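See structure below.
Residue numbers (this note's numbering): 35 to 425.
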């Protein structure tokens with residue numbers, strides 16, 4: 035029954051790989067370069083059309099394409115020293131992928147778009163210090179691409195950068211750029227800014243599980259359905275947590291590299307395994323824990339792929355890693371608590387006319403366990419079939 039928590043949150047992919055990315059680089063003499071990595075599927079209407087257009091060696095020479103992307107420049111507000119920098123599209127490069135990858139529903143080819151602009155310096159650079167040297171970014175309603183938008187503002191000369199998640203209509207925090215426009219030293223970051231950054235990373239970890247981690251949650255739901263006691267469930271979850279925390283750290287720091295296609299496919303197979311085991315009802319505690327640990331290593335690789343995609347490891351990788359992982363665990367605990375509430379309700383309903391209020395939530399009634407296992411199995415097999423037909 036715990037898997038019913040997922041009824042409204044079943045995206046086709048769990049690790050936030052289909053998001054938009056923007057990098058705003060402050061160049062010498064007031065220059066601003068914006069590099070976007072966008073999934074243009076919604077713009078082009080279909081995967082087949084996306085691939086067809088990607089074969090054009092000179093995409094910006096296509097008037098129809100330029101018309102589609104024309105609103106993009108106006109949809110990005112880069113404000114520097116209280117002035118908006120006018121931007122113009124200068125380049126477009128499609129992802130160099132075979133047709134099968136463009137058609138694969140588990141792949142989101144990102145197109146790289148480059149825009150350039152220049153700040154009109156109407157006063158001497160030395161006068162632009164303090165608050166007037168701040169840089170901010172906002173995406174208007176005309177930005178019709180995937181969200182969230184991961185935005186990095188960087189001052190290359192000062193080797194400073196700031197990364198934030200934004201949605202349309204939300205303005206980024208002010209990025210101090212005094213050294214870029216005024217020649218002054220960069221101010222030290224106040225403690226409240228550090229705390230705000232940490233909170234954002236923590237929330238990102240929670241969001242990665244609730245609501246975006248449907249495959250992770252299905253696996254955890256399978257462990258809940260299989261547990262004979264609360265103690266057995268806690269041991270399984272601890273084993274799983276240690277494993278995925280280990281590979282999250284190793285892969286995020288670049289010490290382990292595994293292709294994401296293999297990771298995502300094996301994660302789905304791990305859910306199939308736990309569902310089949312629940313249907314079989316075989317109790318092999320030691321072997322089961324070893325397999326749970328192995329699949330936890332896989333899930334950690336999936337988390338690491340998402341964290342790298344977010345460009346979060348720019349300034350303090352260990353700090354970001356620890357907070358993101360803490361957020362993941364908070365999301366997992368919230369899901370388990372909600373699942374236990376549903377299990378208690380299911381046990382009482384399944385007990386018939388004479389519910390036993392003192393009955394423990396685990397082990398589950400056979401009907402609840404089998405029904406949940408079938409739900410998980412059918413759902414994951416459907417995703418795997420969809421992927422096979424699209425490849």
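All residues carry an ideal CB built from backbone N, CA and C; glycine is no exception.
None of these values were measured; they are calculated from a predicted model.
- About 4 angstroms separates the beta carbon of residue 187 from that of residue 209, a gap short enough to meet the 8 angstroms contact definition.
- Pairing residue 309 with residue 411 gives a Cβ-Cβ distance under 9 angstroms.
- Less than 9 angstroms divides the Cβ of residue 149 from the Cβ of residue 123.
- Sequence-distant Cβ neighbours of residue 273 in its own chain, meaning closer than 7 angstroms and more than five residues away, are 323, 326, 327, 330.
- Taking 9 angstroms as the cut-off, the beta carbon of residue 254 is found closer than this to the beta carbon of residue 370.
- Shown here, residue 61 sits in coil according to DSSP, grouped into three states, outside any helix or strand.
- Rounded to whole angstroms, residue 77 and residue 179 show a C-alpha spacing of 8 angstroms.
- Here DSSP, grouped into helix, strand and coil, assigns residue 234 to helix.
- Counting the other CB atoms within 10 Å of its CB gives residue 359 a total of 16 or more, which places it among the buried residues.
- Non-local C-beta neighbours of residue 364 in its own chain, meaning closer than 6 angstroms and more than five positions away in sequence, comprise 240, ordered along the chain.
- Contact between residue 114 and residue 53 does not hold, since the beta-carbon distance rounds to 25 angstroms and is not under 8 angstroms.
- Assignment of beta strand (DSSP E) within the region 58-122, counting only whole runs of 3 or more residues, yields 65-73, 110-114 in chain order.
- It is roughly 24 angstroms from the alpha-carbon of residue 181 to the alpha-carbon of residue 60.
- Following the DSSP letters along the chain, one finds residue 189 inside the beta strand (DSSP E) bounded by residues 183-189.
- Take the alpha-carbon of residue 311 and the one of residue 133: they are about 37 angstroms apart.
- Close CB contacts of residue 408 within its chain, under the 8 angstroms cut and outside five residues either way in sequence, are with 309, 313 (chain order).
- Only buried fits residue 196, as 16 or more other CB atoms lie within 10 angstroms of its CB.
- Straight across, the Cα-Cα distance linking residue 232 with residue 97 is about 45 angstroms.
- Sixteen is the threshold: since fewer than 16 other Cβ atoms of the shown chains lie within 10 Å of the Cβ of residue 352, the residue is exposed.
- Taken through DSSP and simplified to helix, strand or coil, residue 327 comes out as helix.
- Comparing alpha-carbon positions, the option among 170, 176, 291 lying closest to residue 106 turns out to be 176.
- Counted as a single uninterrupted DSSP element, the stretch harbouring residue 131 is not any beta strand (DSSP E), since DSSP gives it neither H nor E.
- Taking 8 angstroms as the upper bound for CB-CB distance, residue 112 and residue 151 are in contact here, some 7 angstroms apart.
- When C-alpha distances from residue 292 are compared across 307, 257, 334, the shortest belongs to 334.
- In this chain, residue 265 is not harboured by any beta strand (DSSP E); it is covered by the alpha helix (DSSP H) spanning 264-286.
- Following the DSSP letters along the chain, one finds residue 53 in no alpha helix (DSSP H), marked with neither H nor E.
- Pairing residue 361 with residue 236 gives a Cβ-Cβ distance under 9 angstroms.
- Straight across, the Cα-Cα distance linking residue 68 with residue 55 is about 10 angstroms.
- In chain order, 75, 136, 137 place their CB closer than 7 angstroms to the CB of residue 81, counting only its own chain and leaving out the 5 sequence neighbours on each side.
- With respect to residue 145, residue 88 sits close: the two C-beta atoms are nearer than 9 angstroms.
- For residue 253, the uninterrupted alpha helix (DSSP H) run begins and ends at 248-260, by DSSP.
- Measuring C-alpha to C-alpha distances from residue 128 to each of 92, 117, 139, 283 identifies 92 as the nearest.
- A direct Cα-to-Cα measurement between residue 194 and residue 242 gives close to 27 angstroms.
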